[in-house]
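Comments concern the structure below.
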Amino acid sequence: MSDFFKADADAVEVVQREHCFRGFYRLDRLHLRHRQFKGGMGPLISRELFVRHDAVCVLPYDPLRDEVVLIEQFRVGALGKKTSPWLLELVAGLIEEGEQPEQVAHREALEEADLTLDRLWPITEYFPSPGGSDERVHLYLGRCDSSAAGGVHGLAEEGEDIRVHVLSYADALRALKDGLIDNAASLIALQWLALNRDEVRGAWS
Numbered sequence: 294m295s296d297f298f299k300a301d302a303d304a305v306e307v308v309q310r311e312h313c314f315r316g317f318y319r320l321d322r323l324h325l326r327h328r329q330f331k332g333g334m335g336p337l338i339s340r341e342l343f344v345r346h347d348a349v350c351v352l353p354y355d356p357l358r359d360e361v362v363l364i365e366q367f368r369v370g371a372l373g374k375k376t377s378p379w380l381l382e383l384v385a386g387l388i389e390e391g392e393q394p395e396q397v398a399h400r401e402a403l404e405e406a407d408l409t410l411d412r413l414w415p416i417t418e419y420f421p422s423p424g425g426s427d428e429r430v431h432l433y434l435g436r437c438d439s440s441a442a443g444g445v446h447g448l449a450e451e452g453e454d455i456r457v458h459v460l461s462y463a464d465a466l467r468a469l470k471d472g473l474i475d476n477a478a479s480l481i482a483l484q485w486l487a488l489n490r491d492e493v494r495g496a497w498s
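Take 294 as the starting number for the sequence shown in my numbering and just add one per residue.
Now the structure itself:
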């Protein structure tokens with residue numbers, strides 16, 4: 294493990310940064326050089342970078358009922374890529390300035406699923422697409438009571454139309470295996486739960 298590349302302050306030289314588009318998200322173009330594994334700086338290269346807020350994703354889990362709560366909503370990125378662009382996902386939201394990831398997890402659980410999370414279990418942090426985006430995802434498991442979960446939620450002013458689903462742990466893994474769940478955060482969280490379920494239930498039950 295000790296031979297992985299260790300970057301110092303001089304490992305990357307950004308020659309120019311262009312702001313190509315500014316909206317809710319931002320697109321920049323960077324002209325840069327970076328140090329190469331064989332030593333020395335490489336040639337000048339250009340890379341487009343999708344600049345966006347970091348995000349929080351949380352899998353609500355009821356350890357007593359052994360159930361997970363997932364949400365279903367329209368996703369424009371899936372349009373034309375699969376039969377239905379309505380995806381089964383985790384509760385999720387972007388981190389606004391001044392917010393902590395844990396605050397976002399609690400806020401989004403209420404807004405998107407009308408759920409109160411009484412505890413959070415950090416799973417991991419990761420880059421979903423570092424080849425072209427600077428987004429970093431904070432992933433959590435959230436303890437909840439799934440007995441009354443359901444219905445349609447979301448903020449009307451943000452155009453949200455979100456349906457809540459309660460699945461048994463077994464059904465959620467079956468949906469994962471059958472390809473019904475096909476987005477990164479949900480895949481990672483459910484696979485993590487499969488590996489750590491006994492520990493979680495022991496601590497949270």
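Where is the CB? At the ideal position from N, CA and C, for every residue including glycine.
Residue closest to residue i, alpha-carbon to alpha-carbon, out of the options
{"i": "residue 438", "options": "397, 460 and 367", "result": "460"}
{"i": "residue 404", "options": "337, 496 and 452", "result": "452"}
{"i": "residue 395", "options": "303, 410, 383 and 382", "result": "410"}
{"i": "residue 464", "options": "389, 358 and 446", "result": "358"}
{"i": "residue 296", "options": "330, 392, 306 and 477", "result": "330"}
{"i": "residue 307", "options": "486, 315, 314 and 334", "result": "334"}
{"i": "residue 432", "options": "478, 495, 493 and 315", "result": "478"}
{"i": "residue 440", "options": "360, 313 and 318", "result": "360"}
{"i": "residue 417", "options": "298, 471, 332 and 489", "result": "489"}
{"i": "residue 332", "options": "389, 305 and 318", "result": "305"}
{"i": "residue 412", "options": "402, 419, 421 and 373", "result": "402"}
{"i": "residue 327", "options": "390, 300, 319 and 496", "result": "300"}
{"i": "residue 462", "options": "354, 398, 316 and 397", "result": "354"}
{"i": "residue 497", "options": "414, 423, 476 and 446", "result": "414"}
As assigned by DSSP and simplified to three states, the class of residue i
{"i": "residue 346", "result": "coil"}
{"i": "residue 423", "result": "coil"}
{"i": "residue 388", "result": "coil"}
{"i": "residue 490", "result": "helix"}
{"i": "residue 318", "result": "coil"}
{"i": "residue 403", "result": "helix"}
{"i": "residue 353", "result": "strand"}
{"i": "residue 418", "result": "strand"}
{"i": "residue 498", "result": "coil"}
{"i": "residue 435", "result": "strand"}
{"i": "residue 365", "result": "strand"}
{"i": "residue 380", "result": "strand"}
{"i": "residue 329", "result": "coil"}
{"i": "residue 483", "result": "helix"}
{"i": "residue 309", "result": "strand"}
{"i": "residue 360", "result": "strand"}
{"i": "residue 428", "result": "coil"}
Contact check, residue i vs residue j, beta carbons under 8 Å
{"i": "residue 342", "j": "residue 323", "result": "yes"}
{"i": "residue 349", "j": "residue 406", "result": "no"}
{"i": "residue 303", "j": "residue 311", "result": "no"}
{"i": "residue 473", "j": "residue 352", "result": "no"}
{"i": "residue 378", "j": "residue 436", "result": "no"}
{"i": "residue 346", "j": "residue 387", "result": "yes"}
{"i": "residue 362", "j": "residue 442", "result": "yes"}
{"i": "residue 480", "j": "residue 469", "result": "yes"}
{"i": "residue 434", "j": "residue 381", "result": "no"}
{"i": "residue 493", "j": "residue 364", "result": "no"}
Check your understanding: Can at least three beta-carbon pairs, one atom from the stretch 410-430 and one from the stretch 442-450, be found at a separation below 8 Å?
Key -> Contact between the stretch 410-430 and the stretch 442-450 is absent, because fewer than three Cβ pairs lie under 8 Å.
Review point. Any chance the stretch 355-369 sits against the stretch 332-345, with 3 or more Cβ pairs inside 8 Å?
Key: With a cut-off of 8 Å, the stretch 332-345 and the stretch 355-369 do not count as touching, because too few Cβ pairs lie within range.
Review point. Going along the chain, which unbroken runs of the alpha helix (DSSP H) with 4 or more residues stay wholly within the stretch 437-473?
Key: Counting whole runs of 4 or more residues, the stretch 437-473 contains the alpha helix (DSSP H) stretches 462-470.
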